[in-house]
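Just so we're aligned: the sequence shown equals residues 1 to 461 in full-length UniProt numbering. Below is one structure, written out as C-alpha cells, with a few remarks after it.
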Amino acid sequence: MSYLYLYTHSPLIARKSGISVNGHIDCVSCVFTVPHVQKVISRTFEALGSQVKAESLVLSLSSSPVFLWPNKGGHATAGEISPNRPFFLYLICILLTVWLACLQGIINLTLMTEVTEPGVLSAPTLLRGSKKHHLLQTTLPMDCVVSVLSSESISVVCGTLVGALCSQLGDMEKVALRHMKGTALLIPQPFHFLLPAPVGLVTVVYPAGVPDSQLETRRKELHSLFELPDDRPYLRRANALHFPDEPYKDGYLRNPHVHLNLPALENGKPYLVQGVYSYHHYMQDRVDDNGWGCAYRSLQTICSWFQQQGYVERAVPSHKEIQQALVEVGDKQGSFLGSRQWIGSIEVAAVLDQLLGVTSKIMFVSQGSELASKGRELANHFLSEGTPIMIGGGVLAHTILGVAWSETTGQIRYLILDPHYTGAEDLQVITDKGWCGWKGPEFWDQNAYYNLCLPQRPKTI
C-alpha cells in the first residue's frame, strides 16, 4: 500500500469588495472599533472559504502543464478523464516528470483561480466616496498537506484537498482573531509536523511575530490533544517538517549519516542520534581553523542539534563566541580570545551550559581500548537523550552520532562525524571517504585517554 503526499501552497489574499488568489487581503471598515474589525475579518475569511469551494479554483502541478479544477469533478487540461480514474495512473499518463515526483512520494501543487469566466463581459463600475476607512491588508500563506492512497480517485483527492484548505482557513481565522493587537492583525502561518505514530502528519497554525516562548500554552493544548509526552518540543517551529525539494538556505549539510548502510553485527542493534543536526567541519564560515578547531566544530554540530530540535532559538555560536563564553565563566583568561588554542570535552560542556543552558555528563576513559566496553552506556544515551556526543582525546576531537552494539557478543561500531574534513559540502565525498561513517574499536588510539561530553535534553515542550 503506497501513499502520496500532496502539498499545496500559495499566498491567498482577499478584499472586502472581492477576493483574489495571488493578490492581497484587504479588510475595509468605516468603524474603527475592534469588535467591528473582527466581524469584517470573519466575513473576509468566510468569503475566502467560498472561493476555495468555487468552480474557479484551480490546482496547478508544479513544473508541469497540468491543471486540475477540483470543484469541477477533477476536470484537467490533458484530454478527457473520468473523476473515478486513479490519481496515480492519471499522473503517469500525463507527464513523466510528475511520475518521477510520485516515486518520491510528494506532489507539489499550486493554488490558483480562473480570472475569466464564460459569459457576457461588462464594463466595470466605479464608485467614489468620501468616507474615512480603516484598511487592514495582509497575505495568508496557505500551505496544506494531505496524505492519500496512490490508487485513490481524482475526485476524492481533489475533495480531500479542498476540505483541508477550508479547514486551514478556519484555523487561520481563529489564530488571527485570538492574537489581534488592537486593530492590527498578525499573519497566521501554517507549519507541518511529523509526529510519532500513530499521530503522523499534522498542521498547526501559529501567529507570525510571536516567539515560541510565548506559545507554550497552545503547545500544551496540542500535546494533550495528540497525547504527546510533555518533556520534548515536538511542536516548536524548528521541528517543522522539511520537504525534500526545499533547500537549506545556510548551506550546511543535514544528517549525512542517513545515507549510510548499517553495519552487520551478530544480534547487533543500531542506537542513533534522534532528530536533525548540521555538519560543521574545518574551514567553514571563512574561518581557517585547520589543525586546531576540531572540538569547536564538534561543539557547533551539537549546538545545531539543540537549535534544530527547538530547544534554543539562538544561532550556532562562532569560534569567537565560544571563546568569549569560556572567558566569561572563568575557564580561560582574556588572552584566550582570538587565539588558536584547542578546547576539550570539559570546555564543550561549559559552553553548552553557558550559552544554551544545557547540562552534560562527562565520561572518562583512561585508554582508548576501554571504549569497546562502553556499548551499553552509549546505547542508553542515544535511546534516552539522542544527542550527538563530543569525544576528545590527545589532539583530536570527533562527534559520535550513534553506535551499533551487540549485547550478546559485545561487538561494537561507532558512527563518527569527523570535523577534520576540509572540503566542500559534497555528500558523496563525505560518505564515500568516511568523513561520516561507521568505525570499529581500532579507530581510537588504544593507549590514549578520552573524555566524552554527553549533552542532556532539557525537559520542556
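Where is the CB? At the ideal position from N, CA and C, for every residue including glycine.
Residue i versus residue j - alpha carbon distance
i	j	result
residue 89	residue 220	Note that residue 89 scores a pLDDT of 40, beneath 50, so its modelled location is shaky; the value from the coordinates is reported in the next line. Each residue's Cα considered, the two are about 42 angstroms apart.
residue 414	residue 422	22 angstroms
residue 161	residue 113	15 angstroms
residue 318	residue 300	8 angstroms
residue 462	residue 283	Nothing can be reported for residue 462: it is not among the residues displayed for the chain, which extend from 1 to 461.
residue 387	residue 302	7 angstroms
residue 138	residue 156	32 angstroms
residue 210	residue 181	12 angstroms
residue 236	residue 131	44 angstroms
residue 52	residue 174	18 angstroms
residue 215	residue 179	11 angstroms
residue 450	residue 192	41 angstroms
residue 314	residue 305	12 angstroms
residue 296	residue 351	10 angstroms
residue 207	residue 187	6 angstroms
residue 308	residue 129	52 angstroms
residue 453	residue 437	20 angstroms
residue 166	residue 279	40 angstroms
residue 457	residue 429	32 angstroms
residue 34	residue 247	41 angstroms
residue 445	residue 294	17 angstroms
residue 38	residue 45	11 angstroms
residue 120	residue 218	50 angstroms
residue 460	residue 228	12 angstroms
residue 345	residue 152	54 angstroms
residue 356	residue 231	17 angstroms
residue 234	residue 400	24 angstroms
residue 329	residue 343	14 angstroms
residue 142	residue 169	8 angstroms
residue 377	residue 370	12 angstroms
residue 64	residue 106	14 angstroms
residue 202	residue 241	10 angstroms
residue 36	residue 176	14 angstroms
residue 389	residue 416	10 angstroms
Cut-off 6 angstroms between Cβ atoms - residues of its own chain near residue i, not counting five sequence neighbours on either side
i	result
residue 332	326
residue 448	368, 393 and 394
residue 171	205
residue 199	226
Residue i, DSSP secondary structure in three states
i	result
residue 447	coil
residue 66	coil
residue 48	helix
residue 340	coil
residue 372	helix
residue 352	helix
residue 41	helix
residue 433	coil
residue 327	helix
residue 73	coil
residue 461	coil
residue 253	coil
residue 333	coil
residue 347	helix
Beta-bridge pairing of residue i - partner residues as DSSP gives them
i	result
residue 218	Paired residues: none, contrary to the question.
residue 455	360
residue 365	450
residue 58	112
residue 381	Beta-bridge pairing links residue 381 to no other residue.
residue 399	390 and 417
residue 412	405
residue 438	415
Same chain, Cβ closer than 7 angstroms to residue i, five either side skipped, listed in chain order
i	result
residue 255	276 and 277
residue 274	386
residue 71	53, 54, 55, 57 and 162
residue 465	Outside the shown range of the chain (1 to 461) lies residue 465, about which nothing can therefore be said.
residue 359	353 and 456
residue 361	454 and 456
residue 60	67, 109, 110 and 112
8 angstroms CB neighbourhood of residue i in its chain, flanking five on each side removed
i	result
residue 543	Because the chain here runs from 1 to 461, residue 543 falls outside it and cannot be looked at.
residue 30	Residue confidence is low: residue 30 scores 47 on pLDDT, short of 50, so the model does not pin down where it sits. Its coordinate-derived value is still stated next. 131, 132, 133 and 134.
residue 285	318
residue 337	320, 323, 324 and 327
residue 382	271, 272, 273, 274, 402 and 403
residue 334	327
Runs of alpha helix (DSSP H) lying entirely within the stretch 255 to 324, each at least 4 residues, in chain order: 294 to 308
Residue ranges of each alpha helix (DSSP H) within the UniProt domain "UFSP2 second" (105 to 248), 4 or longer: 154 to 178 and 216 to 225
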